[in-house]
Amino acid sequence: MGITMMNKKNILLLFFFMVLVSCSAQKQNTMKTFDIEAYNKKKKNPGYDGYYLKDSTYIRQFDAGGDGIYMNYIEVITHPTNFFQEYRVFHHNGKIKIDGLKFFNDFEKGIWKEYDEQGNLVKETDYDAPYKFTWEDVLKLIKERKLDMTGNNFEVGRNIVDKRPVWSIIFNIKNSDKLGVIGIYGDTGEIFQESEMDAPADGDYDDE
Numbered sequence: 261m262g263i264t265m266m267n268k269k270n271i272l273l274l275f276f277f278m279v280l281v282s283c284s285a286q287k288q289n290t291m292k293t294f295d296i297e298a299y300n301k302k303k304k305n306p307g308y309d310g311y312y313l314k315d316s317t318y319i320r321q322f323d324a325g326g327d328g329i330y331m332n333y334i335e336v337i338t339h340p341t342n343f344f345q346e347y348r349v350f351h352h353n354g355k356i357k358i359d360g361l362k363f364f365n366d367f368e369k370g371i372w373k374e375y376d377e378q379g380n381l382v383k384e385t386d387y388d389a390p391y392k393f394t395w396e397d398v399l400k401l402i403k404e405r406k407l408d409m410t411g412n413n414f415e416v417g418r419n420i421v422d423k424r425p426v427w428s429i430i431f432n433i434k435n436s437d438k439l440g441v442i443g444i445y446g447d448t449g450e451i452f453q454e455s456e457m458d459a460p461a462d463g464d465y466d467d468e
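If you're matching positions, the sequence shown starts at 261 in our numbering and goes up one per residue.
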């Protein structure tokens, strides 16, 4: 017996339904979660801070916020070949809460996503949007000037100052106890500041 037009429609509807369910399941399975049970076992070891993967990626783990529903779990993932760390906050139930990239705690990059306790996306913030002079442009300038990105005081930051996006670069000056400072307008790429400052006595710019 041949397949009628109505049966063909039903088969197509069933096919698309199965594809939709499959895609939904895949999305559900790839949702980032935090293994609370495994973490609680690991943190019993004195000094536990995280663990390494085979490719030398380091996953730092800690908790914050309090007990019960106020508890948050945090992962900071540092890749050996990437300038940016993956920064993730998880709800008390282990489901993802915040997900984004950071330049070693100096600034947020790209689109950061926020989720509710059921794992539904509730907010997206594009931190790159105001910066027409992009991170890639800043990196190009750093390389052209041969600035040392491995120095203890090296730092790249960005902020909105007087309603304008601004980049700042702080770096060690070769054969000097001074630090160099470069200020760049993030909307035009214009360098508006080049100056020097004293390096902190302890060699750590962030510690006060």
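Note that the Cβ used here is the ideal one computed from N, Cα and C, for glycine as well.
- About 18 Å separates the Cβ atoms of Lys-362 and Tyr-375, ruling out a contact at the 8 Å cut-off.
- Under the DSSP assignment, Glu-454 falls in the beta strand (DSSP E) whose first and last residues are 451-458.
- DSSP, read as helix, strand or coil, puts Tyr-330 in helix.
- Setting aside the 5 residues that flank it on each side, Ile-442 is surrounded in the same chain by Ile-429, Glu-454, each with a C-beta closer than 6 Å to its C-beta; the list follows chain order.
- Residue pairing by DSSP puts Pro-425 in a beta bridge opposite Ile-420.
- Annotated three-state conformation of Asp-386 is strand, per DSSP.
- The beta-carbon separation of Val-416 and Asp-366, rounded to 6 Å, stays under the 8 Å limit for a contact.
- DSSP places Lys-304 in no alpha helix (DSSP H); its state is neither H nor E.
- Beta-bridge partners of Ile-430 (DSSP): Glu-415, Val-441.
- Its chain contains Glu-377 as the residues whose beta carbon lies nearer than 7 Å to that of Asn-353, once the 5 sequence neighbours on both sides are disregarded; these appear in chain order.
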